[in-house]
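**Student:** Reminder that position 89 of the sequence shown reads as 89 in UniProt numbering, one-by-one numbering, no gaps. Where is the CB? At the ideal position from N, CA and C, for every residue including glycine.
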Amino acid sequence: MRPWIQPWSAANAPGRITRPLRHNGQAYTGMNVLLLWSASMARGYLAPIWMTFRQASELGAHVGKGEASATVIYASRFTRTETDARGDEIENDIPFLKAYGVFNIEQIEGLPEHYFHRPGPQLNPDQRIERADRYFA
């Protein structure tokens with residue numbers, strides 16, 4: 001494959017591809033963006049918002065029967081204090097990864113209305129704008 005050729009296709013994306021968001025509106029970062037973009041394009045989701053099963057339940061909603069989650073990764077570290085052979089305390093930073101599943105809001109029933117983007121009226125690009133006509137007259 002030639003390195004300047006785009007190897008992926010956004011054919012399943014009906015509009016602009018947006019950054020995936022958590023249920024609280026915070027954007028996903030790192031490799032999770034790529035994982036969720038891939039899941040959205042493969043499954044045809046239009047909404048950028050994702051949440052866990054528990055988060056949906058806390059909102060009084062439920063995930064549709066048979067729906068499959070997309071995997072995201074949480075990376076962090078914790079510090080463990082240990083005592084060495086001489087009795088000195090040593091702090092060890094221990095990195096860890098945790099994988100968990102999230103669902104797109106299109107897979108969840110009963111969510112509050114504010115989670116769903118309602119598109120505004122479609123404007124005809126050929127229609128003249130009266131204010132602009134008055135301004136340039």
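(1) Exposed or buried, Ala-70, counting other C-beta atoms within 10 Å across all chains shown (16 or more means buried)?
(2) Quick check: what's the CA-CA separation for Thr-29 versus Arg-77?
(3) Could you compute how far the alpha carbon of Asn-92 sits from the alpha carbon of Gly-44?
(4) Considering only DSSP beta bridges, list what His-23 is partnered with.
(5) Terminal residues of the continuous beta strand (DSSP E) containing Arg-128?
(6) Report yes if the CB atom of Met-51 is closer than 8 Å to the CB atom of Arg-19, and no otherwise.
(7) Give a yes or no on whether the C-beta atoms belonging to Phe-103 and Val-63 are separated by under 8 Å.
(8) Tell me which residues share the same chain as Ala-75 and place their Cβ nearer than 6 Å to its Cβ, disregarding the 5 neighbours each side in the sequence.
(9) Would Ala-56 pass as a contact of Ile-94 if the rule is Cβ separation under 8 Å?
(10) Note down, one range per segment and in chain order, each beta strand (DSSP E) of at least 3 residues found wholly within the segment 64-89.
(11) If I follow the unbroken alpha helix (DSSP H) through Glu-106, where does it start and stop?
(12) Would DSSP call Leu-97 helix, strand or coil?
**Tutor:** Answer, in terms of the structure:
(1) buried
(2) 17 Å
(3) Cα to Cα, the separation comes out at about 44 Å.
(4) DSSP lists no partner for His-23.
(5) From DSSP, Arg-128 is part of no beta strand (DSSP E); its letter is neither H nor E.
(6) no
(7) Yes, these two residues count as a Cβ contact at 8 Å.
(8) Leu-97
(9) no
(10) You should have 70-83.
(11) Looking at the DSSP string, Glu-106 is not in any alpha helix (DSSP H), and its letter there is neither H nor E.
(12) The answer is strand: DSSP assigns Leu-97 an E or B state.
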